[in-house]
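Counting in my numbering, the sequence shown runs from 792 upward without gaps. The C-beta atom is built at its ideal place from N, Cα and C for all residues, glycine as well. The next block holds one structure in the form of structure tokens; read it before the comments.
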Amino acid sequence: MSKVNQDEIVSILDGYNKEDLTIATLGSHTSLHILKGAQNKGFKTAVVCEKGREVPYQRFKVADEYIIIDKFSDIVNEEVQEQLKEMNSIVVPHGSFVAYAGLDRIENDFYVPMFGNRDILRWEAERDLERKLIKDSGIRMPYKYDNPEDIDRAVIVKFPGARGGKGYFVASSAEEFEERIAAMQERNWIEEEDISHAHIEEYISGTNFCVHFFYSVLHDEVEVLGMDSRFESNIDGLVRIPAKDQLEVGLDPSYVITGNHPVVMRESLLPQVFDIGDRLVDAAKNLVPPGMNGPFCLQTMCTDNLEIITFEMSARTDGGSNTFMNGSAYSYLLFGEEMSMGQRISHEIKKGIKENKLEDLIT
Ligand code: ADP
């Protein structure tokens, strides 16, 4: 199957009535602020919604149109694509959209104009590509171990797929690694085949900042729109138990994300934040044209040396952007008004229409 052709996407866009565009997305993840932001900017909105999950969109009144599907993955079906195009839709991707539609379908046969760069989504999903992009940017990442025998300090062990931290563990020697693997297998949290794909990296002891960036193609500028930190179960509960009791309770730590909270950083750290955002955008332009256009997120740890180390990237709006649906400290600095990530996306689309540059924002 051949890749979705940009000329064809542009010709679909040319056929749209620009006075009557719809901003559409899959009803999940960050769709509430994507749709609300579009409404704020005067666009019509559509939610592609799994049957039975309509309530939040109805009650928050963010969707003008509903395309009801039996299951999330139906968003890539031919009829749904036709309905979206009839509404002059631009689809905004998010984490659930990528997970349910699937990268192959998005890259090869989802012929609906999408905001941002559809080709870069694979670069966050595959650990080797993600590492290449971050490394090429010259951004500090945790050291990676190819062999458990080489473990010489605290490491965190992760497994493939989007599993939200389930089954991840910390170890500091090869023996401990083997013990923990056996414990995870006993709990049925990992399968035999996961073991050879275990990703082992340096454990960074620090504080967590997930930085929500927006790269504006029209301004050629990287904006910091918000920051969050994560609630993770059960590790957050475990650390509330005094150290002397932790061993006795015998709980195995896990890193399952359960929520997000907005945070701000020490002001003196902000130059590093802009530096890593700028670097990533520069590297992405060369490696995955047209680049890291639109929203992206770098998940970082800040050490006690005040060094920001990036352990993960989202190449689209990240779930933590839900912490600033009505704006953040940083979006206030930049815009002086409420500005969610969803609203920022629609703001860019609106400007693209005005300046006749919409095709630069879409793939
Ligand atoms: P996933 O993308 O599968 O959810 P992450 O890479 O985001 O997994 O890791 C889940 C959590 O594990 C992070 O939010 C963080 O708390 C912790 N973590 C991940 N990598 C590191 C690291 N190198 N050092 C310390 N903690 C880490």
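Within 10 angstroms of the Cβ of E977, are there 16 or more other Cβ atoms? Answer buried if so, exposed if not. Working through the sequence shown from its first residue, we reach residue 977 at position 186. With fewer than 16 Cβ atoms within 10 Å of its Cβ, E977 is classed as exposed.
For K935, I'd like the list of residues in its chain whose CB is within less than 6 Å of its CB, leaving aside the five on either flank, ordered along the chain. Numbered from 1 along the sequence shown, position 144 holds the residue referred to as residue 935. Excluding sequence neighbours, K935 sits near E992.
With DSSP as the reference, please indicate the residues paired to A962 in a beta bridge. Counting from one through the sequence shown, the residue named residue 962 turns up at place 171. Answer is V946, bridged to A962.
Return the Cβ separation of A837 and S864 in integer angstroms, given the expectation that the two are a contact with Cβ distance under 8 Å. As a position in the sequence shown, residue 837 is number 46, starting the count at 1. As a position in the sequence shown, residue 864 is number 73, starting the count at 1. That pair is no contact at about 18 Å.
Counting only C-beta atoms, is G1041 closer than 8 Å to chain C at any point? No chain C is present in this structure, which holds just one protein chain.
Between the stretch 1067 to 1075 and the stretch 1123 to 1143, do three or more beta carbon pairs fall short of 8 Å? no
Same chain only: Cβ atoms within 8 Å of C1001, ignoring 5 sequence neighbours per side: Stepping through the sequence shown from its first residue, residue 1001 is reached at position 210. Only M1018, D1019, S1020, R1021, N1051, C1088, L1089, Q1090, T1091, D1109 and G1111 meet the Cβ criterion.
Ignoring anything shorter than 3 residues or poking outside the stretch 1000 to 1075, list the beta strand (DSSP E) runs there in chain order. 1012 to 1025 and 1046 to 1053
What did DSSP end up calling A1145 once you bin it into helix, strand or coil? Walking along the sequence shown from the start, residue 1145 turns up at place 354. Note that residue 1145 corresponds to Lys in the displayed sequence, not to Ala. Here K1145 sits in helix by DSSP.
Roughly how many angstroms lie between the CA atoms of L894 and R913, to the nearest whole one? Sequence index remark: in the sequence shown, residue 894 carries index 103 (1-based). Sequence index remark: in the sequence shown, residue 913 carries index 122 (1-based). Using only the alpha carbons, I get a separation of about 7 Å.
So, are the CB atoms of K829 and L875 less than 8 Å apart? Counted from its first residue, the sequence shown places residue 829 at position 38. Counted from its first residue, the sequence shown places residue 875 at position 84. Here residue 829 is Ala; the residue named in the question, Lys, does not match the sequence. No, the Cβ-Cβ distance between A829 and L875 is not below 8 Å.
Buried/exposed call for T1114, threshold 16 Cβ in 10 Å: Residue numbering aside, residue 1114 sits at position 323 when the sequence shown is read from its first letter. Label assigned to T1114: buried.
From the DSSP output, which residues share a beta bridge with L817? Position 26 of the sequence shown, counting from 1, holds the residue named residue 817. According to DSSP, which records beta bridges pairwise, L817 is partnered with V839.
Identify every residue that forms a DSSP beta bridge with M1083. For the purposes of this step, residue 1083 is identified with residue 292 of the sequence shown, where counting begins at 1. Looking at the DSSP assignment, M1083 forms no beta bridge with any residue, so it has no partner.
Just checking R1021 against ligand 1 - is the residue's beta carbon closer than 7 Å to any of the ligand's heavy atoms? Start at 1 with the first residue of the sequence shown, and residue 1021 comes out as number 230. Result yes, Cβ under 7 Å from ligand 1.
Extent of the continuous alpha helix (DSSP H) run through S887: Within the sequence shown, numbered from 1, the residue matching residue 887 stands at position 96. First-last of the alpha helix (DSSP H) with S887: G886 to A892.
Cβ-based neighbour list, P933, same chain, cut-off 7 Å, excluding 5 preceding and 5 following: By 1-based counting over the sequence shown, the position of residue 933 is 142. Correct list, in chain order: E992, E993, I995, I1100 and F1102.
Apply the 10 Å Cβ neighbour rule to D910 and answer buried if 16 or more other Cβ atoms are within range, or exposed otherwise. The residue labelled residue 910 in the question sits at position 119 within the sequence shown. Classification of D910: buried, given that the 10 Å Cβ count is 16 or more.
Would S1122 and L1009 qualify as a contact pair, given that the criterion is a beta-carbon distance under 8 Å? Counted from its first residue, the sequence shown places residue 1122 at position 331. Counted from its first residue, the sequence shown places residue 1009 at position 218. The answer is no: Cβ separation not under 8 Å.
Provide the residue span of the alpha helix (DSSP H) that contains F1102, from first to last. As a first step, residue 1102 is located in the sequence shown; it is residue number 311 there, counting from the start. That residue, F1102, is in no alpha helix (DSSP H); its beta strand (DSSP E) goes I1099 to S1105.
Should P933 be listed as close to ligand 1, given that the test is whether its C-beta is under 7 Å from any heavy atom? Counted from its first residue, the sequence shown places residue 933 at position 142. Because some heavy atom of ligand 1 lies under 7 Å away, the Cβ of P933 counts as near it: yes.
What is the residue span of the beta strand (DSSP E) that Y857 lies within? Against the sequence shown, residue 857 aligns to sequence position 66. Looking at the DSSP string, the run of the beta strand (DSSP E) that includes Y857 is E856 to I860.
Could you pull out every residue in the same chain whose Cβ sits closer than 7 Å to the Cβ of A962, ignoring the five residues on either side in sequence? Taking the first residue of the sequence shown as position 1, residue 962 is located at position 171. If we look at A962 and ignore the five residues flanking it on each side, its Cβ neighbours are I942, V946, V948, F968 and R971.
Alpha carbon of D1036 to alpha carbon of E921, nearest angstrom: On the sequence shown, position 245 is the one that residue 1036 refers to. On the sequence shown, position 130 is the one that residue 921 refers to. Whole-angstrom Cα-Cα distance: 38 Å.
DSSP three-state call for V882: helix, strand or coil? Counting from one through the sequence shown, the residue named residue 882 turns up at place 91. Three-state result, V882: strand.
Exposed or buried, N796, counting other C-beta atoms within 10 Å across all chains shown (16 or more means buried)? Taking the sequence shown and counting its residues from 1, one reaches residue 796 at position 5. By the 10 Å Cβ count, N796 comes out exposed.
Using C-beta distances below 6 Å, list every residue in its chain close to F888, excluding the 5 sequence neighbours before and after it, in chain order. Taking the first residue of the sequence shown as 1, we reach residue 888 at position 97. Around F888: L817.
Can you list, in chain order, the residues of its chain with a C-beta nearer than 7 Å to that of E1129? Leave out the 5 residues immediately preceding and following it. If you number the sequence shown from 1, residue 1129 lands on position 338. Result list for E1129: N1117 and G1118, in chain order.
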